[in-house]
Amino acid sequence: RKMETYDTILMLLTSRSNNQRQEIKAAYKKAHGKDLVSALKSELGGLFETLVVALMTPPISYDASQLHKALKGAGTDDDVLIEILASRTCAQIKDIVKVYKKECGGKLEKDITGDTSGHFQKLLVILLQGSRDEGVDEDRIENDAKELFAAGEGKVGTDVEKFINILGNRSHEHLRLVFDAYKKLAGSDIEDSIEGETTGNLENLLLAVVKCAKSVPAYFAESLNGSMRRAGTDDQTLMRIMVSRSETDMLDIRACFKKMYGASLYNTIQRVGYCDKLLLSCTSS
1 RKMETYDTIL
11 MLLTSRSNNQ
21 RQEIKAAYKK
31 AHGKDLVSAL
41 KSELGGLFET
51 LVVALMTPPI
61 SYDASQLHKA
71 LKGAGTDDDV
81 LIEILASRTC
91 AQIKDIVKVY
101 KKECGGKLEK
111 DITGDTSGHF
121 QKLLVILLQG
131 SRDEGVDEDR
141 IENDAKELFA
151 AGEGKVGTDV
161 EKFINILGNR
171 SHEHLRLVFD
181 AYKKLAGSDI
191 EDSIEGETTG
201 NLENLLLAVV
211 KCAKSVPAYF
221 AESLNGSMRR
231 AGTDDQTLMR
241 IMVSRSETDM
251 LDIRACFKKM
261 YGASLYNTIQ
271 RVGYCDKLLL
281 SCTSS
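Set out below in structure tokens:
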């Protein structure tokens, strides 16, 4: 009986877009006078319930809820802050800030500054503004590359402020050209400099910003591989990425995953073996 219920829920949810799921929620409430998500939760449990609720949540609301959970839980989940703020577009971040205030009852910037510190906090706050420069400034490419080199490999110690200001404010298109110029100048990738000059959550955030500037799908392909490669699957990361990217760039993520790891994302998830039907449905978007 329970498996039949799960299969029915799977069939209905995985054949609809998120917008259509919101319409189903509204129609259900009109017809039955109660919330569909609450009804589903009463029938489910565990990871399956978490995944179904995520799929029933509008994308911006889902991001806001994940940030709130990362900040308000026991300790701060820096990895979630890094993943979302480094990968979302400026427009998406601005929407997340609005929805966070409306649905989570607080100001996202205030909550972030209350739970983080130092250069890590500063870069998060810069990203949170959602105000990267637009386009490419040809006159600044060489200078930005030289400043990054001088701030890291070109001096004793590291001028972290320079890394933060350039990586946090330039457009992705501009940064890709800066990274090319940097490699010619330094003889190595910007990631090598970041790994050699910084540590901890700041290093992870700077690397995420660089990787997303180069290719957001490749960044998520790497994150998905990492979530399934460790001893024991990182269920939360795997679910969060599959749900949040299923209608955004999943086809590109699949292509990057195959190119980077020589295996299909579909088969790799299938080997994980939990909630596989529902997770695998996200790869077909």
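full-length UniProt numbering applies: residue 1 is where the sequence shown begins, and numbers increase by one. Virtual Cβ for every residue (Gly too), placed ideally from N, Cα, C. Predicted model, so just to flag it, every value in this text is computed and none were measured.
DSSP, read as helix, strand or coil, puts Val-136 in coil. The alpha-carbon separation between His-172 and Cys-212 amounts to approximately 8 Å.
Going by DSSP, Gly-114 is part of the alpha helix (DSSP H) stretching over 108 to 115. Within the region 17 to 101, the runs of alpha helix (DSSP H) at least 4 residues long that lie entirely inside it are, in chain order, 18 to 32, 36 to 43, 46 to 55, 59 to 72, 78 to 87. For Arg-245, the enclosing alpha helix (DSSP H) covers residues 235 to 245.
In the displayed model, Asp-192 falls within a helix according to three-state DSSP. Rounded to whole angstroms, the Cβ separation of Met-260 and Ala-218 is 7 Å, and the two are in contact under 8 Å. The three-state reading of DSSP puts Gly-118 in helix, counting H, G and I together. Residue burial annotation: Asp-133 is exposed, with fewer than 16 other C-beta atoms found within 10 angstroms of its C-beta. Apart from the 5 residues on each side of it in sequence, Ser-264 sits with its Cβ closer than 6 Å to the Cβ of Lys-258 in its chain, given in chain order. DSSP places Arg-254 in the helix class (H, G or I) of the three-state scheme. Less than 8 Å divides the Cβ of Leu-108 from the Cβ of Leu-67. Close CB contacts of Val-97 within its chain, under the 6 Å cut and outside five residues either way in sequence, are with Leu-108 (chain order). Burial check for Thr-5: the Cβ neighbour count within 10 Å stays below 16, so the residue is exposed. The criterion of a C-beta distance shorter than 8 Å is satisfied by Val-209 and Ala-86. Cα atoms of Leu-124 and His-32: separation of roughly 43 Å, rounded to the nearest angstrom. In the three-state scheme derived from DSSP, where H, G and I count as helix and E and B as strand, Ser-215 is classed as coil.
Taking every protein chain shown into account, the CB of Thr-283 has 16 or more other CB atoms within 10 angstroms, so this residue is buried.
Taking 8 Å as the cut-off, the Cβ atoms of Ile-141 and Asp-95 do not count as close. By the Cβ neighbour-count rule, Met-56 is buried, with 16 or more other Cβ atoms within 10 Å of its own. The Cβ neighbour count for Gly-118, taken over all protein chains shown within 10 Å, is under 16; the residue is labelled exposed. In summary, Thr-198 is buried, with 16 or more beta-carbon neighbours lying within 10 Å of its beta-carbon over all protein chains present. In this structure, the CA atom of Leu-44 is about 30 Å from the CA atom of Ile-82. In this structure, Asn-201 places its C-beta atom within 8 Å of the C-beta atom of Asp-78. Close CB contacts of Leu-238 within its chain, under the 8 Å cut and outside five residues either way in sequence, are with Leu-224, Ser-227, Met-228, Ile-269, Val-272, Leu-279 (chain order). One alpha carbon belongs to Glu-49, the other to Lys-183, and they sit about 46 Å apart. Between Ser-188 and Val-243, the alpha-carbon positions lie close to 35 Å from each other. Rounded to whole angstroms, Asp-115 and Ala-70 show a C-alpha spacing of 10 Å.
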